[in-house]
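First to last, the protein sequences are chains A and B. Throughout the first sequence, residue numbering follows the UniProt record's numbering, covering 1 to 425 in sequence. Throughout the second sequence, residue numbering follows the UniProt record's numbering, covering 1 to 425 in sequence. Scroll down for the structure; my scribbles are underneath it.
2 protein chains.
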Amino acid sequence: MNEIKNKITRLIDQQRKGYIELLQKVIREKSVMGYEDSAQAIILEKCRELNLTIDLWEPEINKLKMYPDFFSTRTSFLNSYNLVAVKKGTGGGRSIILNGHIDVVPEGELDQWSEDPYTGVIKDGKVYGRGSTDMKGGNIALLAAIEAVTEMNIPLKGDIIFQSVIDEECGGAGTLAAVERGYQADGAIIPEPTDMKCFIKQQGSMWYRLEVDGKSAHGGTRYQGISAIEKMMFVLEEIKKLEIYRNNQITDPLYKNTPIPVPINVGMIKGGNWPSSVPDAIQIEGRCGIAPHETKEQVQGQFQQWMDQLGEKDSWFKEHPAKLEWFGASWLPNQLSDSHPLFTTLERAHTETLNKELVVEASPWGTDGGMLAHVGNVPTIVFGPGKTELAHFPNEYIEIDKVFEVAKVIAHFLIDWCEMDEIKY
Amino acid sequence: MNEIKNKITRLIDQQRKGYIELLQKVIREKSVMGYEDSAQAIILEKCRELNLTIDLWEPEINKLKMYPDFFSTRTSFLNSYNLVAVKKGTGGGRSIILNGHIDVVPEGELDQWSEDPYTGVIKDGKVYGRGSTDMKGGNIALLAAIEAVTEMNIPLKGDIIFQSVIDEECGGAGTLAAVERGYQADGAIIPEPTDMKCFIKQQGSMWYRLEVDGKSAHGGTRYQGISAIEKMMFVLEEIKKLEIYRNNQITDPLYKNTPIPVPINVGMIKGGNWPSSVPDAIQIEGRCGIAPHETKEQVQGQFQQWMDQLGEKDSWFKEHPAKLEWFGASWLPNQLSDSHPLFTTLERAHTETLNKELVVEASPWGTDGGMLAHVGNVPTIVFGPGKTELAHFPNEYIEIDKVFEVAKVIAHFLIDWCEMDEIKY
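Below you can see the structure in the form of structure tokens.
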């Protein structure tokens, strides 16, 4: 067994150069929402090379709309292909979904990047570019792991189901489409940027919109009106208190290093329509975190109740309640026990491969793991080579060594999890 | 003399019905910016009936642009006519400008009006409609006063210069155009809504824009960013302190009943571009009051200095100073001594006509009086029948009796101010 694993390690080291080039190549394709096809084509080509069974399709929006957790700003997925590539097992073993998204968020202000975000420049052992950490580096690690076990012709009992999905950044429609298409497994790993830690719990989130009313008046006699901005300032303080209250209740030691396990972010504010008028309505939009053990409905109820109590502190809100609504995207939270074999198997593979303990944490963001776990009923953990703090930022990069460390851990995991049938070499 | 004044009073009472109809007629024309022509045509017709010398023109924007106090969002004044109608005096007496604006602000939300804002419904001695109080009621009072002295064929030495101007609500271009055209006088009265008081001082105002920066981060780890909304909340508190500081320095007894003589209004707020991101820039726009004795430049300097000191309280602002700019419209303040003959003459006419003392106050808003006084060098006071608190609001109305009280006071004022030459009747 150890011999096999050592061979895998050597094989992955040999493949290193080719996979770095593959990573650069896929970073060069700007796969923002609606433009995933050219990047997906590169992944497809590699899957064909690995002799995987290919399933490539444009998700049908009407089928997805039947799921309450579906969200997308799109009207169709024309030209946005989801890719699933399967290495069928010999039967009897545990199957695994290896899921990564191919879409990236836009690069933002170009002048904040030292290099063009779509060239895949290598400096100091890092590949730079939009999507390098989130999460093309992780996807490449998955392919390298699959190639290693394929190359060695190791017969695994369980199926390996590689998924290169679209739309993770905008609501998870790609993973939902794979669930809808019937892909199931005994476990799933998503190599989102965890900096080599394992996130067995993930914060979910959803978007809220809150409107606060005032009473208009001329700015020269502003004391005759009620400023919706001042009322909103009061509500913002109350939202901070709600955030403190919610986070005080989280005692999970996994969150001990996280300043705010489930933040309530205020992302946007707007209101008023004339400099010389007292504004009579202000709106905010934000993101409310969902703890791994919570449901969306629980959190929505608590937020609503908090807002319903505003009138007790400021009677204005008795007559003019703050209007709270939930809209747009949501990301389901996820949690797995640290005694679940999916985790313990990865933990062992990690220790044996890298000679160090796997650090376990809870993630401050949701992933498609929520969709896989809650809609697909697939136990899911997150473990990948990138760094959270680089995701969505200028000068995003991935450390090349980490990509191949993850590849080795996952290759070793696959052998343990899916089980070898018979050693033919 | 008393006989003349009694006759004027009787004459105005006789004209009452016709002028109420004229007021309704002019309210029915929705004279918002750019659509003043039909309302102006009604005033023009009346001026012709009164045998005044008519000057009707479309202001030339290029001429106005040479004045530093010019502001307009327009690119031309095509079809927006300014009207000046003069009753030439026999010579030697003091001349007077009687100035009223024909433009109205939009009606806002229709469902907040009990009646259509453009029908001029009469209920309980009040005419309702947009512009009734601000300030078509005042304009009608001027015309009734002029008709009374004209009708009686009283030969006045000084010129009566009636001005029906456009664009008061959006920067004062109409009055500036009349100044630019050369209209001058020894004094001016503007019957803006003062509720029968005389405003010898007026608050000026100007618009500011303030931007505060933050540092973006993902909402799930919002503690890694700096919320521009939170920074803006701090700045809003500091602006409140500046407002308190400024108003504490105003000791003029005319302001003793005004809660905040020179308010700093925050009219609009906007910023952030994604619910799940920590916002990195928030902008506010507002109106800063200018005390009657202040210049724009003094107030701008003080506001800037206040913002420059933010860094002493929160070091964030040392590296990221709040960006303050002044834009768009401004309304010049105005002040006149209560010993000026323009005021004392009106005061006497008021006491003699209505048998009660004229209440003197300072206005919480600017008028075209700032433009007349500072650009035209015409001493100006404000005295009219409407109520400030109804202006710009739904269900705006004017009390009919007040319109004719003002007409009588102004007619009597005209005789005293312009001086009778020879009594021919």
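Every residue, glycine too, gets a C-beta built ideally from N, C-alpha and C.
Length of the line joining the Cα atoms of residue i and residue j
i: Cys198 of chain A; j: Phe317 of chain A; result: 44 Å
i: Gly366 of chain B; j: Trp331 of chain B; result: 6 Å
i: Glu319 of chain B; j: Arg28 of chain B; result: 55 Å
i: Gln40 of chain B; j: Gln163 of chain B; result: 11 Å
i: Asn51 of chain A; j: Lys87 of chain A; result: 8 Å
i: Cys47 of chain B; j: Ala362 of chain B; result: 32 Å
i: Ser337 of chain B; j: Gly384 of chain B; result: 19 Å
i: Leu106 of chain B; j: Pro394 of chain B; result: Looking at the sequence itself, residue 106 of chain B is Pro, so the reference to Leu does not match. Pro106 of chain B and Pro394 of chain B: Cα-Cα distance of roughly 10 Å.
i: Ile200 of chain A; j: Leu324 of chain B; result: 47 Å
i: Leu44 of chain A; j: Asp103 of chain A; result: 15 Å
i: Asn2 of chain A; j: Glu419 of chain A; result: 14 Å
i: Ser339 of chain B; j: Asp368 of chain B; result: 22 Å
i: Glu211 of chain B; j: Arg222 of chain A; result: 22 Å
i: Ile61 of chain A; j: Lys296 of chain B; result: 59 Å
i: Ser80 of chain B; j: Val165 of chain B; result: 9 Å
i: Val278 of chain A; j: Glu294 of chain B; result: 23 Å
i: Tyr238 of chain A; j: Val266 of chain A; result: Note that residue 238 of chain A corresponds to Glu in the displayed sequence, not to Tyr. Approximately 12 Å between the Cα atoms of the pair.
i: Pro364 of chain B; j: Gly131 of chain B; result: 19 Å
i: Thr73 of chain B; j: Lys123 of chain B; result: 37 Å
i: Glu168 of chain B; j: Glu169 of chain A; result: 50 Å
i: residue 426 of chain A; j: Asp314 of chain A; result: Absent from the structure is residue 426 of chain A, since the part of chain A shown begins at 1 and ends at 425.
i: Leu56 of chain B; j: Ile20 of chain B; result: 25 Å
i: Ser38 of chain B; j: Thr75 of chain B; result: 21 Å
Of the listed residues the options, nearest to residue i (C-alpha basis)
i: Pro191 of chain B; options: B:Glu405, B:Asn139, B:Leu23 and B:Tyr118; result: B:Asn139
i: Gly172 of chain B; options: B:Ala362, B:Leu358, B:Asn395 and B:Phe71; result: B:Phe71
i: Gly129 of chain A; options: A:Lys136, A:Gly137, A:Pro117 and A:Lys123; result: A:Pro117
i: Asp213 of chain A; options: A:Ile200, A:Val105, A:Ala228 and A:Gln202; result: A:Ala228
i: residue 426 of chain A; options: A:Tyr35, A:Asp134, A:Pro155 and A:Leu110; result: What is shown of chain A runs 1 to 425, which leaves residue 426 of chain A out entirely.
i: Met268 of chain B; options: B:Tyr397, B:Trp207 and B:Val121; result: B:Trp207
i: Asn99 of chain B; options: B:His392, B:Ser132 and B:Leu176; result: B:Leu176
i: Val403 of chain B; options: B:Ser80, B:Asp134, B:Ser31 and B:Leu64; result: B:Asp134
i: Gln298 of chain B; options: B:Gly328, B:Pro341 and B:Pro333; result: B:Pro333
i: Leu83 of chain B; options: B:Lys63, B:Ile189 and B:Gly174; result: B:Gly174
i: Pro292 of chain B; options: B:Thr73, B:Tyr255 and B:Ser315; result: B:Tyr255
i: Leu310 of chain B; options: B:Pro261, B:Met233, B:Ala217 and B:Met33; result: B:Met233
i: Pro253 of chain B; options: B:Leu142, B:Gly204, B:Val359 and B:Met196; result: B:Val359
i: Glu347 of chain B; options: B:Val121, B:Met196 and B:Thr9; result: B:Met196
i: Thr53 of chain B; options: B:Ser31, B:Ala85 and B:His392; result: B:Ala85
i: Gln335 of chain A; options: A:Ala329, A:Met371 and A:Asp421; result: A:Met371
Other residues of its chain near residue i: CB distance less than 7 Å, five sequence neighbours each side excluded
i: Gly92 of chain A; result: Lys157
i: Tyr425 of chain B; result: Note that Tyr425 of chain B scores a pLDDT of 47, beneath 50, so its modelled location is shaky; the value from the coordinates is reported in the next line. Excluding sequence neighbours, Tyr425 of chain B sits near Met152 and Asn153.
i: Gln300 of chain A; result: Trp326
i: Glu357 of chain B; result: Thr351
i: Leu354 of chain A; result: Glu405 and Val409
i: Leu78 of chain A; result: Glu58
i: Gly108 of chain A; result: Pro394
i: Thr345 of chain B; result: Phe413, Asp416 and Trp417
Contacting residues, own chain, Cβ-Cβ under 6 Å from residue i (five flanking each side not counted)
i: Ala185 of chain B; result: Ser95, Ile96, Ile97, Ile161 and Val378
i: Met307 of chain A; result: Ala322 and Leu324
i: Lys5 of chain B; result: His412
i: Ser216 of chain B; result: Gly225, Ser277, Val278 and Asp280
i: Gly120 of chain B; result: Gln24, Ile27, Arg28, Val127 and Gly129
Chain-order list of residues whose beta-carbon lies under 8 Å from that of residue i (same chain, five-residue window excluded)
i: Asp401 of chain B; result: Gly125
i: Trp113 of chain A; result: Glu107, Pro394 and Asn395
i: Leu242 of chain A; result: Ile264, Gln302, Phe303 and Trp306
*Determine, using beta-carbon pairs with one atom in the segment 174-189 of chain B and one in the segment 244-257 of chain A, whether at least three such pairs fall under 8 Å.*
The segment 174-189 of chain B vs the segment 244-257 of chain A: no contact.
*Are the segment 367-381 of chain B and the segment 283-293 of chain A touching, with three or more C-beta to C-beta distances below 8 Å?*
By the Cβ rule, the segment 367-381 of chain B does not count as touching the segment 283-293 of chain A, because fewer than three pairs are nearer than 8 Å.
*Segment contact, 8 Å Cβ cut-off, at least three pairs: the segment 143-156 of chain A with the segment 6-17 of chain A*: Contact holds: three or more Cβ-Cβ distances are below 8 Å.
*asked:* Using 8 Å as the cut-off, can you tell me whether the segment 376-392 of chain B makes contact with the segment 403-418 of chain A, which would need three or more C-beta pairs spanning the two stretches below that distance?
replied: With contact defined as three or more Cβ pairs closer than 8 Å, the segment 376-392 of chain B and the segment 403-418 of chain A are not in contact.
*Specify whether the segment 228-238 of chain B and the segment 267-280 of chain B touch according to this definition: at least 3 beta carbon pairs, one from each stretch, less than 8 Å apart.*
Contact holds: three or more Cβ-Cβ distances are below 8 Å.
*Can you list, in chain order, the stretches of the beta strand (DSSP E) that have 3 or more residues and sit fully within the segment 7-94 of chain A?*
If we require 3 residues or more, the beta strand (DSSP E) runs fully inside the segment 7-94 of chain A come out as 53-57 and 82-87.
*Which full runs of the alpha helix (DSSP H) of 4+ residues lie inside the segment 111-150 of chain A, going along the chain?*
Segments of the alpha helix (DSSP H) lying fully in the segment 111-150 of chain A: there are none.
*Give, in chain order, every unbroken run of the alpha helix (DSSP H) that is at least 4 residues long and sits entirely within the UniProt domain "Peptidase M20 dimerisation" (201-314) of chain A.*
Correct list: 228-248, 296-308 and 310-313.
*Enumerate, from N- to C-terminal direction, the unbroken alpha helix (DSSP H) stretches of 4 or more residues contained entirely within the segment 340-415 of chain B.*
The qualifying runs are 341-354 and 369-374.
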